[in-house]
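In UniProt numbering, the protein residues as written are 1 to 267. Read the structure below first, then the notes.
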Ligand SMILES: [Fe+2]
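This is the structure:
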C-alpha cells in the first residue's frame, strides 16, 4: 500500500537527528544547482528524475538495468482485477469509515482523469492514501510521534465517471518529518494511484496543496526539475467545490499522456 516516502518516515525526532545526513541548507543548495543546470539545457523534463541526489533514497529506488517487456495478456491471468461492482460509492468518503468524525480540516478533492487531448478517461480505478491531520499514517512502519486518529484510516478509492471525474471527501493531511536529512519535512500531500485497464498500466503520483512553504524545501517535489511540470502536482483551491458549513474544495486534474502529462513516480 505505501510506496514512495513512507519507508523513510522518521520514528521520532531523536532518531531523525541521529540518522539524518546533511542540513536543509545543503539540500536546498543542491536542488538549486540542479535546477539551474536544467535551465541551461534545452531538453524539457516533464517527469521526476529517477536519480536525484537531494532525495537520498532515489538512487536505491529506480531500475539500474534495462526493463523487461512483459506480455500484458499473460500478466492478466494472475493479476488482480476489478469491476464496477467491486467499488462502493462510500469508499470515496474517508471521513465516514468509522464510528465518528476524524479530526482535521474536512476537504473535497475532485478532478478529471484526462488524456493528452483533454478527453475524459472513464471507468478507471483511482486509489488514494494519506497521513491524518497530525501527519501520521495508520501503518505499523510509521512511528512518528504524532497521534493516530481512531476515526481515520486514510485510504479510499473510486472509479472515474462518464466525464472522467473523480471525487473524494477526506481530511487535509498534515506535514510529517522523514529521514532524508536533518529537519526534513514532507509538504502535505495525498498519494494517488491510477489503474488503467490492466495491471501493467498502474501509475502513482502525489498531489500537493497550494501555497505550502514546504514545497520549496522538499526534494521529492523538486525532483521534477521543470517548475511548470511540478506545478501540475499542486491542486487549486476551488470555491465551487467547497460545501457550505461542511468542507473546503480542491481541484486537481490528472493528465495521463502528452506534453502536459502529470509527473508520475512509476514509468
Ligand atoms: Fe507520503
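From the three backbone atoms N, C-alpha and C, an ideal C-beta is built for every residue, glycine too. Nothing here was measured: the structure is a model prediction, and the numbers come from that model.
For ligand 2, I want to know if residue 235 counts as a neighbour, meaning its beta carbon is within less than 7 Å of at least one of the ligand's heavy atoms. No copy of ligand 2 occurs in the structure displayed; its ligands are ligand 1 alone.
Residue 137 to residue 58, Cα distance in whole Å? Linking residue 137 to residue 58 through their CA atoms gives a straight-line distance of about 21 Å.
Got a sec: does ligand 1 put a non-hydrogen atom nearer than 7 Å to the Cβ of residue 98? No.
What residue range does the alpha helix (DSSP H) around residue 37 cover? First-last of the alpha helix (DSSP H) with residue 37: 24–39.
Residues in its own chain within less than 7 Å of residue 97 by CB, not counting five upstream and five downstream? Cβ within range, chain order: 153.
C-alpha gap between residue 262 and residue 50, whole angstroms: Distance from the CA atom of residue 262 to the CA atom of residue 50, rounded to whole angstroms, is 15 Å.
Thinking C-alpha only, which one of 158, 211 and 207 is nearest residue 252? For residue 252, the nearest C-alpha among the options comes from 207.
Whole-angstrom Cβ separation of residue 108 and residue 243, contact assumed at under 8 Å? The pair is a contact, with the Cβ atoms about 7 Å apart (cut-off 8 Å).
Would the C-beta of residue 186 count as close to ligand 1, meaning under 7 Å from any of its heavy atoms? Look at residue 186: its beta carbon is less than 7 Å from one of the heavy atoms in ligand 1.
Examine ligand 1 and report whether any of its heavy atoms sits within less than 7 Å of the Cβ of residue 131. Under cutoff, so the answer is yes.
Does the beta-carbon of residue 144, which I'm using as the reference point, lie nearer than 7 Å to any heavy atom of ligand 1? Residue 144 Cβ: outside cutoff for every heavy atom of ligand 1.
Measuring only the C-alpha atoms, how far is residue 45 from residue 33? Rounded to the nearest angstrom, the two C-alpha atoms are 16 Å apart.
Determine whether the beta carbon atoms of residue 88 and residue 130 lie at a separation below 8 Å. No, the pair does not count as a contact, with Cβ atoms beyond the cut-off.
Beta strand (DSSP E) segment containing residue 177, residue limits: Where residue 177 is concerned, the enclosing beta strand (DSSP E) stretches over 176–178.
Is residue 189 close to ligand 1? I mean its beta-carbon at under 7 Å from any heavy atom of the ligand. Yes, the Cβ of residue 189 comes within 7 Å of a heavy atom of ligand 1.
CB residue 201 to CB residue 151, shorter than 8 Å? No; because the gap between Cβ atoms is not below 8 Å, this pair is not in contact.
In its own chain, which residues sit with a C-beta less than 6 Å from the C-beta of residue 224, not counting the 5 before and 5 after it? Same-chain partners within the cutoff: 48, 230 and 263.
Is it buried or exposed, residue 162, if we count other Cβ atoms within 10 angstroms and call 16 or more buried? Under a 10 Å Cβ-count criterion, residue 162 is classified as exposed, with fewer than 16 other Cβ atoms of the shown protein chains found around its own Cβ.
Name the residue from 218, 85, 120 and 62 whose alpha carbon lies nearest to the alpha carbon of residue 257. Closest by alpha carbon: 120.
Three-way DSSP call (helix, strand, coil) for residue 48 in this model: Coil at residue 48, not helix or strand.
Boundaries (first-last residue) of the beta strand (DSSP E) holding residue 106: Membership of residue 106 in the beta strand (DSSP E) is indicated by the continuous run 106–114.
From 170, 149 and 254, residue whose alpha carbon lies closest to that of residue 204: Per the Cα distances, 254.
Do residue 234 and residue 219 have their C-beta atoms closer together than 8 Å? Not in contact: residue 234 and residue 219 (Cβ atoms no closer than 8 Å).
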